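Take a look at the structure set out below.
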Amino acid sequence: MRRTIPASHCRSSPLKPSEKAAPTGGALATLTLAALGVVYGDIGTSPLYALKEVFHAGHVPATADNVLGVLSLIFWTMTIIVSLKYVLLILRADNNGEGGLIAMLALATTAVKERPQLRRTLMVVGLFGTAIFYGDGVITPAISVLSAVEGLEVAEPALHAFVLPITLLVLTGLFAVQRFGTGGIGKFFGPITLVWFIVLIALGIPHVLANPAVLVALNPAYAAGFFAQQPLVAFIALGAVVLCVTGGEALYADMGHFGKRPIRIAWYGLVMPALVINYFGQGAMLLKHPEAVANPFFLMAPDWSQLPLVFLATAATVIASQALISAAFSVTKQAIQLGILPRMTVRHTSVKDTGQIYVPFVNWGLYVFIVLAVALFKSSSNLASAYGIAVTLDMTITTVMTFFVIRYGWRYPLGLCLAVTGFFLIIDVTFFLSNMLKLFKGGWFPLVLGIGMFLLMLTWKQGRRLMRDRVRDEAIELKGFLEAIFISPPVRVSGTAVFLVAEEGLTPNALMHNLKHNKVLHEYNLFVTVKHHEVPWIGFDERVSLASLGHDCWQVTLNFGFKNDPDVPEALQLLKGRGVPLDDMDTSYFLSRDTVIPTFGEGMPLWREKLFASMHRNAADMADFLNLPSNRIVELGAKVEI
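In my numbering, the protein residues as written are 1 to 642.
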């Protein structure tokens with residue numbers, strides 16, 4: 001991570017999430033309730049399909065021993081992966097209060113900054129994990145909503161033909177309303193999800209009470225015995241068992257919104273007990289009625305309640321999908337600001353909550369691929385074959401990143417770091433290898449999407465590096481250039497010119513073009529470099545640094561975290577009182593609009609350079625990204641060969 005440059009103290013810094021007082025009382029209860037809807041929507045709807053898919057393909061017969069063995073695997077998978085790995089360990093690895101794979105990537109690469117080769121390797125691994133997230137983002141809404149709507153054919157078999165159309169209708173409506181934001185309906189997410197978890201308990205308890213012998217599966221010996229007696233069958237079963245922890249990454253990703261304590265209270269206090277009771281209720285029913293394996297979740301419910309349960313399940317899965325869509329918007333915005341993805345249009349949907357954003361390209365891109373997934377796989381069971389590979393890959397990458405954070409960032413003993421992360425890594429890799437058995441049955445789908453995103457990210461990142469190198473090689477040092485032109489100074493006109501330049505100390509093309517064609521220089525000139533750092537938030541007290549270049553010219557550096565909204569005019573206002581005139585109506589912003597020219601050479605293969613040139617050409621406007629006033633912008637073109 002680049003060191004943040006000390007800056008003006010003329011304005012107080014907003015509190016970072018990690019600096020806020022820990023919530024208590026009513027505030028804690030409110031955050032915990034909200035976390036139910038956002039954090040636990042995905043994992044909370046897994047009972048719709050997880051246990052069913054273990055037995056669906058026919059590789060695992062629904063015998064009593066197998067049911068108890070699978071239940072034991074589910075319980076201990078949730079305990080080890082969610083309760084121990086994510087809730088106890090990973091939640092400790094916050095980046096200034098923020099979580100998620102990008103935050104973890106920033107922590108890991110910062111921890112090994114003295115090892116450049118290792119840092120580059122971790123960056124590539126982290127990029128791949130971020131790319132795979134988008135593959136998961138396609139499968140999760142598709143399988144969740146489809147599995148809920150499939151309850152219709154349990155309640156009334158004649159409705160089978162309507163399952164796919166209704167699923168597509170629900171998904172279309174979900175993505176169509178994204179542009180309006182979720183502020184109005186978001187307050188209902190927590191209460192609806194709370195009702196959902198209460199219903200999970202209500203469905204499971206009668207079956208557990210009717211057959212309490214099922215509780216013996218809490219003993220890990222049943223999971224071990226399942227593996228010992230049928231190692232191949234148990235290994236295959238893991239590919240479906242992992243469905244019970246899909247959404248576990250959300251605990252970490254949403255830490256910045258709710259904090260650690262509400263997430264932990266919600267998990268231990270309601271979510272895990274509700275999930276365990278429901279899974280064991282399904283298992284208890286299967287012990288008595290193995291034929292219910294067709295759809296154990298809905299068949300647990302009394303006949304009169306199945307239709308209302310379908311509506312509640314659909315609402316819960318929509319909420320789960322909404323949380324993932326919002327996460328996709330947030331990850332995209334962070335990736336843009338870290339230079340991993342090209343600029344895209346990002347719209348704020350709330351004046352109160354800056355975290356509520358809408359990214360049109362991501363929204364409709366996800367929608368197209370989700371519709372494709374539903375149309376291609378047609379059932380939740382088929383989609384389950386595509387599910388798991390992306391999830392287990394991200395879990396494995398998170399574990400690898402955690403090792404470097406706790407070893408090099410926290411300085412824990414090597415033996416302890418290897419023991420802790422090695423234990424989780426063995427489990428993650430085992431689940432991943434089991435899911436690889438489904439590669440040709442649908443697992444290829446999210447992998448293809450993830451690899452495609454990874455190629456785009458890598459091309460964008462490498463292309464930007466090539467552009468920077470070429471611009472640096474051809475650029476003129478700013479201080480020497482200014483000294484040269486002031487030997488015989490040009491005509492100076494009133495007002496302030498703000499020149500945006502990618503690197504400090506270099507002469508912007510816009511300045512040279514302005515001097516060449518207009519033959520004038522403004523009375524006051526600011527050469528502004530915008531830096532995005534590998535921390536989530538940078539406060540106003542560290543936002544700006546200023547260095548005088550003489551002749552009423554200044555070098556200005558603006559610092560933003562990857563969750564800050566870059567706002568150049570607002571940041572420049574921090575310079576008031578430091579001798580820099582910034583009259584809003586007398587300030588012009590000069591930008592260089594670069595055109596990328598792909599060439600044969602030592603850079604990327606020509607097809608990737610052409611891909612980068614296309615991405616660069618279609619990127620969102622830099623002026624909008626930096627929140628520059630549209631009526632005071634001057635753009636001057638330049639060509640850059642890579």
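Don't be surprised by glycine CBs; every beta carbon is placed ideally from N, CA and C.
This structure is a prediction, so every number in the text was calculated from the model and none was measured.
According to DSSP, is residue i helix, strand or coil?
i, result
"E291", "helix"
"N525", "strand"
"N518", "coil"
"I389", "helix"
"D567", "coil"
"T345", "coil"
"G495", "strand"
"L127", "helix"
"G117", "Checking the sequence, you will find Gln at residue 117 rather than Gly. Three-state result, Q117: helix."
"R593", "strand"
"H9", "In this prediction, H9 has a pLDDT of 33, which is less than 50 and means its spatial position is unreliable; nothing more can be read from the coordinates."
"I476", "coil"
"Q229", "helix"
"I546", "Here residue 546 is Leu; the residue named in the question, Ile, does not match the sequence. Correct three-state label for L546: strand."
"W537", "coil"
"F445", "helix"
"D624", "helix"
"Q356", "coil"
"H532", "strand"
"K639", "strand"
"E53", "helix"
"I487", "coil"
"I397", "helix"
When the Cα atoms are used, what is the spatial distance from residue i to residue j?
i, j, result
"P536", "A213", "49 Å"
"E657", "A142", "This structure cannot settle anything about residue 657, because the visible part of the chain is limited to 1 through 642."
"P6", "T557", "With a pLDDT of 35 at P6, under the threshold of 50, the modelled position of that residue is not reliable, and the figure given next carries that caveat. The straight-line gap from Cα to Cα measures roughly 10 Å."
"H522", "D567", "23 Å"
"R632", "A106", "35 Å"
"V501", "F403", "37 Å"
"L152", "L33", "29 Å"
"G26", "D428", "37 Å"
"V528", "T121", "31 Å"
"G256", "M123", "22 Å"
"T109", "L307", "50 Å"
"T396", "G247", "14 Å"
"L164", "V374", "8 Å"
"L546", "A571", "12 Å"
"D175", "V293", "It should be noted that the sequence gives Phe, not Asp, for residue 175. Approximately 33 Å, taken between the alpha carbons."
"Y222", "Q230", "12 Å"
"S614", "S488", "41 Å"
"A301", "L275", "16 Å"
"K563", "A240", "35 Å"
"R472", "L506", "8 Å"
"F162", "I370", "18 Å"
"I277", "G190", "20 Å"
"P23", "R261", "8 Å"
"S18", "P273", "Only weak support is given to the placement of S18: the predicted model assigns it a pLDDT of 40, under 50, and the question is left unresolved by the model."
"R465", "I642", "10 Å"
"R492", "L526", "14 Å"
"F377", "R179", "28 Å"
Cutting at 8 Å between CB atoms, please list the residues of its own chain near residue i, excluding the five before and the five after it.
i, result
"H59", "V233, I236, A237"
"L652", "An answer regarding residue 652 cannot be provided, because it is not within the stretch 1 to 642 covered by the chain."
"L582", "T496, L572, Q573, L575, K576"
"K461", "L127, G339, I340"
For residue i, I'd like the list of residues in its chain whose CB is within less than 7 Å of its CB, leaving aside the five on either flank, ordered along the chain.
i, result
"F133", "L101, V331, D394"
"H551", "L482, F486"
"A286", "According to the sequence shown, residue 286 is Leu rather than Ala. So the qualifying residues of the chain are A62, V67, A292, V293, P296."
"K137", "Checking the sequence, you will find Gly at residue 137 rather than Lys. Excluding residues within five positions, the ones whose Cβ falls inside 7 Å are L324, A328, L366."
"E168", "Per the sequence shown, residue 168 should be read as Leu rather than Glu. V371, V374, listed in sequence order."
For residue i, collect the residues of the same chain with a Cβ closer than 6 Å to its Cβ; drop the 5 residues on either side in sequence, then sort them by chain order.
i, result
"G463", "F612"
"L425", "T399"
"I90", "Y252"
"L215", "none"
What is the C-beta distance between residue i and residue j, in whole angstroms, given that I count them as a contact (C-beta under 8 Å)?
i, j, result
"P47", "F431", "So it is not a contact: roughly 19 Å between Cβ atoms."
"L127", "F280", "L127 to F280, Cβ: 40 Å. No contact."
"R343", "M622", "7 Å"
"L36", "A266", "6 Å"
"W196", "A316", "4 Å"
"V250", "V39", "Reading off the sequence shown, one finds Ala at residue 250, where the question assumed Val. Rounded, the Cβ-Cβ distance is 5 Å, consistent with contact."
"M78", "V245", "6 Å"
**OP:** Starting from the N-terminal side, write out each stretch of the alpha helix (DSSP H) that is 4 residues or longer and does not extend beyond the segment 403–438.
**Re:** 414–436
*asked:* Please give the ranges of any alpha helix (DSSP H) in the segment 292–328, keeping only runs that are unbroken, at least 4 residues long and fully inside the region.
replied: 296–299
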